[in-house]
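Report on the following structure.
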Amino acid sequence: MAAVAVQQTAGLFSGLLERMENIDFVKQFADSPEAALRASGLGISLADFTKQLSENPQLFEAVVGKLSNNVEFINKSNIAMSSCDQPK
């Protein structure tokens with residue numbers, strides 16, 4: 066039964082999860098979640114998305130996993146860039 070729920074979740078949110086692999090989309094999601102949800106073709110409000118996250122642990126884990134991978138990459142990039150900007 067749980068496997069079916071995961072498959073349904075993956076199907077419904079697959080476009081969003083796929084887009085979350087793109088750093089530019091993650092930045093858009095951080096700046097304007099509503100616009101990012103529309104751009105992903107999901108067609109739900111931020112409130113509905115938040116409700117889905119709270120009710121579906123598999124979706125929550127998938128979203129957190131995608132975001133944390135890209136946020137970690139962005140942070141490492143910023144650290145590297147700021148290191149280059151330091152006067153020697």
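If you count by the numbering used here, then the sequence shown holds residues 66 to 153, one letter each, in order.
All residues carry an ideal CB built from backbone N, CA and C; glycine is no exception.
Query: With 16 other CB atoms within 10 Å as the buried threshold, where does Ser-79 fall?; Result: exposed
Query: Do you know how far the Cα of Leu-124 is from the Cα of Gln-117?; Result: 8 Å
Query: Is it the case that the Cβ atoms of Arg-84 and Ser-97 are separated by a distance below 8 Å?; Result: no
Query: Which residues in the same chain have their Cβ closer than 6 Å to the Cβ of Gln-93, if we skip the five residues on either side of it in sequence?; Result: Ala-101
Query: Which residue marks the beginning of the alpha helix (DSSP H) containing Leu-102, and which one marks its end?; Result: 98-104
Query: Put Glu-86 into one of helix, strand or coil per three-state DSSP.; Result: coil
Query: Buried or exposed for Asn-135, going by 16 or more other Cβ atoms inside 10 Å?; Result: buried
Query: Does DSSP put Gly-130 in a helix, in a strand, or in coil?; Result: helix
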